[in-house]
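Protein chains in written order, with this note's numbering: chain A, 3 to 315; chain B, 3 to 315.
Idealized CB from N, CA, C, for every residue including glycine.
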């Protein structure tokens with residue numbers, strides 16, 4: 003199925019485990035797009051459950067994963083990746099025959115390893131990762147449009163039922179996403195450079211700036227419009243989720259970080275030796291990449307991300 | 003004078019040298035706020051002069067800096083910092099008695115060193131740096147509101163006439179900026195961490211991602227919403243301007259980069275050894291910094307910098 007074709011039969015009962023930013027956005031989007039008849043929200047936190055009830059974004063709300071997945075034909079795990087194994091073990095005995103299990107984790111190798119072994123042969127397992135989000139967390143931060151024109155990457159293990167993969171693809175397309183299929187290994191490498199290392203260096207520069215003695219924190223904050231404030235957005239992302247990403251995608255992150263460090267050492271040397279040409283050449287080359295991202299519809303062309311200037315009185 | 007008080011007497015003739023993003027924004031802002039009676043635009047590029055004429059943002063337009071500054075009571079150099087010395091030498095003989103010379107460079111130590119010696123004792127020299135901008139360049143990219151609620155840092159050398167500093171402060175306040183005064187040395191250290199090193203690592207990660215073999219450039223672009231695209235904004239800034247920044251603020255940039263690298267090595271080690279607690283602690287601490295920047299009015303609170311999601315059809 004390609005995008006634009008009519009949606010395949012919706013799922014009759016979608017169980018979402020974990021109603022944070024992504025899970026609660028999925029609940030909203032699935033209802034709005036008619037991609038699921040019923041949405042069951044499962045969350046271990048009473049506070050989160052209360053918010054989900056108040057927001058009215060699910061048909062049923064429960065704290066018990068084992069009973070919550072009963073009769074569901076589609077189950078999506080939306081928790082920090084290291085929490086997947088325990089949830090898979092708890093829900094496995096109660097999964098309906100032929101149900102499809104998926105997730106939204108930012109690391110896919112570990113999900114295949116942690117969840118796969120718990121599932122019976124009649125259960126279809128199609129891991130997924132929507133490359134979308136904001137720096138905010140929790141059920142109140144979610145919104146139905148989060149996945150529109152973003153990419154959802156599916157990483158079905160070898161031998162996965164093709165029809166199950168198609169239904170998951172169709173679900174993501176129904177809520178506005180573009181879908182690509184790749185191996186978990188390749189996914190983890192691609193995301194290490196497009197997402198994980200960028201987060202790591204953003205967290206790092208914000209930490210470095212906070213620890214200065216010669217420059218006060220007040221100065222860092224005041225003069226952040228010089229570039230620093232851009233980094234604070236992704237450095238405000240969910241700490242548990244990101245801890246788990248770095249612990250589970252260690253090899254690819256360390257490999258990509260090694261390249262980043264090599265390149266940075268070369269730049270550092272160019273500065274020390276006053277090699278203006280090397281600097282100018284890099285700075286010219288990088289401009290074109292942003293242009294391509296904007297042309298591909300993955301970024302706004304508005305200056306400053308479209309932050310609106312205040313009026314001049 | 004503090005903000006909100008009536009504006010001091012406007013300058014009668016403001017000469018702006020270099021009509022890029024900043025210079026052209028200053029021309030627009032000065033006219034709009036009534037901070038100068040006449041604006042003279044001076045630019046060596048015929049293309050830029052033609053655009054400035056077409057945009058109608060200056061009262062006079064010339065390519066000749068020596069004649070352009072005649073009778074101006076306020077001259078602002080808005081060129082890459084390494085171009086300042088030659089311009090200062092060219093204009094110096096024609097400066098009106100008692101004129102105030104300023105600039106907008108991102109590095110202040112070199113401006114004091116490069117421009118100061120060319121100026122006669124009767125000329126007042128008040129270097130300035132508005133911490134504001136976008137990733138776009140050229141006269142078409144400018145707008146009058148660019149400096150509203152941003153900080154302009156003044157670094158008058160010791161012995162500068164207090165009244166001249168006050169007039170420059172009053173000018174920036176009239177066009178919406180907040181003003182702070184500090185030494186050039188402290189400025190260069192503060193900006194190294196809040197602006198120069200952030201730009202350097204943004205340029206670097208974009209370069210690293212562009213050079214991958216295992217991950218195609220198409221994949222980097224497609225999946226850039228995972229964090230990478232944020233970095234491409236400042237990595238799309240003007241190459242000449244930024245080359246000059248790194249060549250002229252070498253010591254402070256290398257010092258801050260050293261700290262960044264130390265901290266990154268510690269993070270790298272935490273990942274290698276699976277120290278989730280160290281990661282979690284840093285990722286929690288950095289969240290608070292963004293909050294402060296938003297509370298100080300230097301950043302939007304809207305998720306994803308306010309990038310608007312497309313509708314879910």
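Within 8 Å, strictly: CB atoms of residue i and residue j
i	j	result
residue 132(B)	residue 229(A)	no
residue 313(B)	residue 175(A)	no
residue 75(B)	residue 15(B)	yes
residue 159(A)	residue 127(A)	yes
residue 167(A)	residue 129(A)	no
residue 91(B)	residue 125(B)	no
residue 227(A)	residue 300(B)	yes
residue 93(B)	residue 68(B)	yes
residue 138(A)	residue 305(B)	yes
residue 140(A)	residue 27(A)	no
residue 247(B)	residue 108(B)	yes
residue 292(B)	residue 238(A)	yes
residue 191(B)	residue 225(A)	no
residue 44(A)	residue 70(A)	yes
residue 177(A)	residue 35(A)	yes
residue 295(A)	residue 214(B)	no
Buried/exposed call for residue i, threshold 16 Cβ in 10 Å
i	result
residue 153(A)	buried
residue 20(A)	buried
residue 171(B)	buried
residue 17(B)	buried
residue 250(B)	buried
residue 161(A)	exposed
residue 303(B)	exposed
residue 123(B)	exposed
residue 13(B)	buried
residue 241(A)	buried
residue 297(A)	exposed
residue 274(A)	exposed
residue 165(A)	exposed
residue 66(A)	exposed
residue 286(B)	exposed
residue 186(B)	buried
residue 245(B)	buried
residue 11(B)	exposed
residue 267(A)	exposed
residue 30(A)	buried
residue 290(B)	exposed
residue 315(A)	exposed
residue 231(B)	buried
residue 272(B)	buried
residue 254(A)	buried
residue 48(A)	exposed
residue 169(A)	buried
residue 5(B)	Caution applies to residue 5(B), whose pLDDT of 47 falls short of 50 and renders its modelled position unreliable; the value that the coordinates give is listed next. Exposed is the call here.
Contact belief for residue i with residue j at Cβ below 8 Å, rounded distance in angstroms
i	j	result
residue 79(B)	residue 86(B)	5 Å
residue 311(B)	residue 150(A)	6 Å
residue 203(B)	residue 184(B)	Actually they are not in contact, since the Cβ atoms of residue 203(B) and residue 184(B) sit about 24 Å apart, beyond 8 Å.
residue 205(B)	residue 57(A)	Their Cβ separation, rounded to whole angstroms, is 42 Å, which puts residue 205(B) and residue 57(A) out of contact at 8 Å.
residue 307(A)	residue 235(B)	6 Å
### Message
For the segment 49-60 of chain B, list every residue whose C-beta sits within 8 Å of some C-beta in chain A, in sequence order.
### Response
none
### Task
Scan the segment 225-237 of chain B for residues whose Cβ lies nearer than 9 Å to a Cβ of chain A and list them as they occur along the chain.
225, 226, 227, 228, 229, 230, 231, 232, 233, 234, 235, 236, 237
#### Entry: Cβ-based contacts, 7 Å cut-off: residues of the segment 269-299 of chain A near chain B
269, 270, 273, 274, 276, 278, 281, 282, 284, 285, 286, 287, 288, 289, 291, 292, 294, 295, 298
### Task
Determine contact between the segment 211-230 of chain A and the segment 269-278 of chain B, defined as no fewer than three beta-carbon pairs at a distance below 8 Å.
The answer is no - the segment 269-278 of chain B does not touch the segment 211-230 of chain A, with fewer than three Cβ pairs under 8 Å.
### Message
Whether or not the segment 252-266 of chain A and the segment 209-218 of chain B are in contact is what I'm after, with contact meaning three or more pairs of Cβ atoms, one per stretch, closer than 8 Å; do they touch?
### Response
yes
### Three or more C-beta pairs below 8 Å linking the segment 111-124 of chain B and the segment 39-57 of chain B
no
### Task
Would you be able to state if there are at least three C-beta pairs under 8 Å between the segment 54-65 of chain A and the segment 36-46 of chain A?
yes
### Query
What residues from the segment 132-156 of chain B come within 9 Å of chain A, judged by C-beta to C-beta, listed N to C?
133, 134, 135, 136, 137, 138, 143, 145, 146, 147, 148, 149, 150, 151, 152, 153, 155
### Message
Output needed in chain order: residues of the segment 68-99 of chain A with a Cβ under 8 Å from some Cβ in chain B.
### Response
none
### Query
Mind listing which residues of the segment 102-125 of chain B have their C-beta closer than 7 Å to chain A's C-betas, in chain order?
none
### Task
Give, in chain order, every residue of the segment 158-178 of chain B whose Cβ lies closer than 7 Å to some Cβ of chain A.
177, 178
### Query
Which residues, in chain order, does the segment 299-314 of chain B contribute to contact with chain A at a C-beta distance below 8 Å?
300, 301, 302, 305, 306, 307, 308, 309, 310, 311, 312, 313, 314
#### Entry: Residues in the segment 177-196 of chain B having any Cβ partner in chain A nearer than 7 Å
177, 178, 191, 192, 193, 195, 196
### Task
Would you list, in chain order, the members of the segment 197-211 of chain A that have their beta-carbon closer than 9 Å to a beta-carbon of chain B?
197, 198, 199, 200, 201, 202, 203, 204, 205, 206, 207, 208, 209, 210, 211
### Query
Which residues, taken in chain order from the segment 249-269 of chain A, show a beta carbon closer than 7 Å to some beta carbon of chain B?
249, 252, 255, 256, 259, 261, 262, 265, 266, 269
### Task
Could you run through the segment 6-37 of chain A and flag, in chain order, every residue whose CB is less than 8 Å away from some CB of chain B?
31, 34, 35
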